[in-house]
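Worksheet: the structure to be examined is printed underneath.
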Amino acid sequence: MKLHIHPRLSLHSLASCGLAALALQATASAQGANVCANADVIPALPSTTAFDTASPSDTPGVPATTTGSNYCATQNEVWFTFTPSTTGAYRIDTCGGSADTAIAVYEGSCGSLLELACNDDFCLLGSAALVTLTAGMPYWVSVGTGDAFAFPTVAGSLNIAQLVFPAAAGSVSAWSGAVATGTPASFTMTDLIGPTVADIGMTNGANGVSYEFIVHGTAEGDSSGLMGVLASGVGDAAGFKFEQWSNTLAYGVTEFGIADYSFLGPTVTENADLHLVFVVDTTLGETELFVNGTSAGTTTASPVLQGEQGIGFIYRPNNRDLDPFFGKVRGVAVYEAMLTPAEIVEHHNVYFNGGLGTQYCGPGVPNSTGNSGQIAASGSLVAAANDVTLTASDIPRFTFGFFITSQTQGFVMMPGGSQGNLCLSGAVGRYVGPGQIQNSGNSNEISLPLNLTQMPQPNGFVSALPGQTWNFQLWHRDSVGTPTSNFTNGVSLTFQ
């Protein structure tokens, strides 16, 4: 896998995105220097610093005339440098003014700069970037005009502040395990702050393609891209959009030079973790979008993205970036096939529930620990894979218990004197064979790999078949002054 990171994310409103930003504390009056070597030092962060390309600090009264490095080309720019004291994500912007600016962020040294971010015209005519920076390392920012013909000089304020993203609402590690089973992903990445350029591999799309994202962000800017590329010469020049156009709150697909397509299903949900899957059917020539496991409709576009792609923005080789996504990509996966609706629901549930299937009948009655016992399933819902493990947690230490199962859900309060609730009915099977009755030990957990070809039933063993739904609980001993028992909540698994 070829990979190079460019944290190129454009930002605007901190409050609207649900991110925490440190309040601006330092204000500086430096105008910016004409050349990198003389860059004005921003002494402390967060900061708001004046810039004016008509009168650089090292050549007062003489407009800046340099042109930028690499393809960002912040024309007639002035330079600043700063050293963060904390490692993390930082927002750097010129938003809030009327100047038509372009900005670039670099690491390295003035003689050998490495571009980290580049943006033009995100917040109206202002620009912004999100970059992940390392404490104690120097960084450089150039601020110039985005259109030297119309605006030969610009003035305004350069703002720099650290951002803190909210914790994940689900389990990225559980999701990563799920995408490797069933229809396995051919490309995955996790925990991306700021857009990334990555080689997602090559596919001819003969069997369709699926593109899966777990994201948290807002719909800021003219358009918000999740993945795409323009003018790379490899695959289709296209992209998948978190928001197709500003203030529409519509997910979309764009085929550059052809058309923009918007989904008519649910509108964009901001400031929350979302599970999005674009399933491209190259035979029918359409793309279906699933939002949190539910279909949001189809569009008459079927782009196949290959090779180097922008993740969290639309990548333009040797040019400024397009349509940055304002947020965090917690996970992305690409499949050389069309995921089934059942697989998509499974991946959604694995992330948000930390396991396979659907939790029900919970919370259970608290046991002697003061907590309710929890059950979770991991592995794969593909019956032929025979890869499911049940885990019960938050049960008393050094307690014996066993799992029970049925194809029918039910509800019986305190059966047989138990303190808990039985959430199964009909033919209930018990995992009481050799090695299946277990003790929680010091971990407060009991775990059991299942053999899906030997599901226990009152009259013997049966196999779990595709299309069948099986429900599970754990029964365990307990003591609250006198011996008793309890149950976890239930988990329901529909096999494929």
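Counting in the working numbering, the sequence shown runs without a single skipped number right up to 500 at its last residue.
Idealized CB from N, CA, C, for every residue including glycine.
TODO: Tell me whether ALA189 is buried or exposed, calling it buried when 16 or more other Cβ atoms sit within 10 Å of its Cβ.
DONE: buried
Open item on the list: Since ILE318 and LEU326 should fall inside the 8 Å C-beta cutoff, what is the C-beta to C-beta distance between them, to a whole number of angstroms?
Closed with: 4 Å
Open item on the list: Can you find the residues in the same chain that come closer than 6 Å, C-beta to C-beta, to SER220, ignoring five residues on each side of it along the sequence?
Closed with: According to the sequence provided, residue 220 is His. The question's Ser does not apply to it. If we look at HIS220 and ignore the five residues flanking it on each side, its Cβ neighbours are ASP277, GLY331, LYS332.
Task: GLY494 in three-state terms, based on DSSP - done: strand
Task: Beta-carbon proximity of PHE244 to PHE282, cut-off 7 Å - done: yes
- [ ] Please determine if the region 478-492 and the region 418-434 are in contact, where contact requires at least 3 C-beta pairs separated by less than 8 Å.
- [x] yes
Task: Assigned secondary structure, CYS122 (DSSP; H/G/I helix, E/B strand, else coil) - done: strand
Open item on the list: On the criterion of 16 or more Cβ atoms from any shown chain inside 10 Å, does ASN322 qualify as buried, or is it exposed?
Closed with: exposed
Task: For VAL238 and GLY130, the rounded distance between their alpha carbons - done: 32 Å
Task: TRP474 vs THR412 beta-carbon contact at 7 Å - done: no
Task: Segment limits, beta strand (DSSP E) that includes ASN357 - done: No beta strand (DSSP E) contains ASN357, which is instead part of the alpha helix (DSSP H) from 345-357.
Open item on the list: Let's test the definition: count the other Cβ atoms within 10 Å of the Cβ of VAL82 and tell me whether it reaches 16, buried, or not, exposed.
Closed with: buried
TODO: With a threshold of 16 other CB atoms inside 10 Å of the CB of THR105, please say whether the residue is buried or exposed.
DONE: buried
Open item on the list: One question on the structure: do PRO67 and GLY36 come within less than 7 Å of each other, judged by their Cβ atoms?
Closed with: no
Task: ALA178 - DSSP class collapsed to helix/strand/coil - done: helix
Open item on the list: Under 8 Å: do the region 83-96 and the region 144-156 share three or more Cβ pairs, one atom per stretch?
Closed with: yes
Task: Where ASN42 falls: helix, strand or coil (DSSP) - done: helix
Task: ALA133, DSSP secondary structure in three states - done: strand
Open item on the list: Are the CB atoms of THR207 and VAL213 within a distance shorter than 7 Å?
Closed with: yes
TODO: At 3 residues or longer, and completely inside the region 278-325: list those beta strand (DSSP E) runs for me, N to C.
DONE: 290-295, 298-303, 312-315
- [ ] Could you tell me the distance, in whole angstroms, from the CA atom of GLY311 to the CA atom of PRO453?
- [x] 38 Å
Task: Helix, strand or coil at SER161 [DSSP, three-state] - done: strand
TODO: Decide if the region 362-379 is in contact with the region 456-465; the criterion is three or more beta carbon pairs, one per stretch, under 8 Å apart.
DONE: no
TODO: Whole angstroms is fine: what's the gap from GLU290's alpha carbon to TYR255's?
DONE: 15 Å
Open item on the list: Taking the beta strand (DSSP E) that ASN80 belongs to, which residues open and close that run?
Closed with: 79-86
Open item on the list: Given this structure, state the Cα-to-Cα distance separating THR138 from ALA93, to the nearest angstrom.
Closed with: 9 Å
Task: C-alpha distance - GLY261 paired with SER227, whole-angstrom precision - done: 16 Å
TODO: Closer than 8 Å by C-beta to ALA341: which residues in its own chain qualify, once you throw out the five before and the five after it? Chain order, please.
DONE: THR187, ASN211, GLY212, VAL213, SER214
TODO: Quick one: residues in its chain with C-beta nearer than 6 Å to the C-beta of ARG334, no 5 flanking neighbours on either side, listed in chain order?
DONE: ALA172, VAL176, ILE218
Task: 3 or more residues per run - each beta strand (DSSP E) lying fully within the region 369-404 - done: 378-383, 392-397
Open item on the list: Along the chain, where does the beta strand (DSSP E) containing ASN475 start, and where does it finish?
Closed with: 473-483
Task: Simplified DSSP assignment, three categories, for SER451 - done: strand
TODO: Find the nearest neighbour of PHE402 within the set ASP391, ASN390, GLN442, judged by alpha-carbon distance.
DONE: GLN442
TODO: Kindly indicate which three-state DSSP category PRO460 falls into: helix, strand or coil?
DONE: strand
Task: Cross-strand partners of THR412 (DSSP beta bridge) - done: SER429
Open item on the list: Beta-carbon within less than 8 Å of SER161's beta-carbon, same chain only, minus the 5 sequence neighbours each way: which residues are those?
Closed with: THR52, THR53, ALA54, PHE55, THR98, GLY100, GLY101
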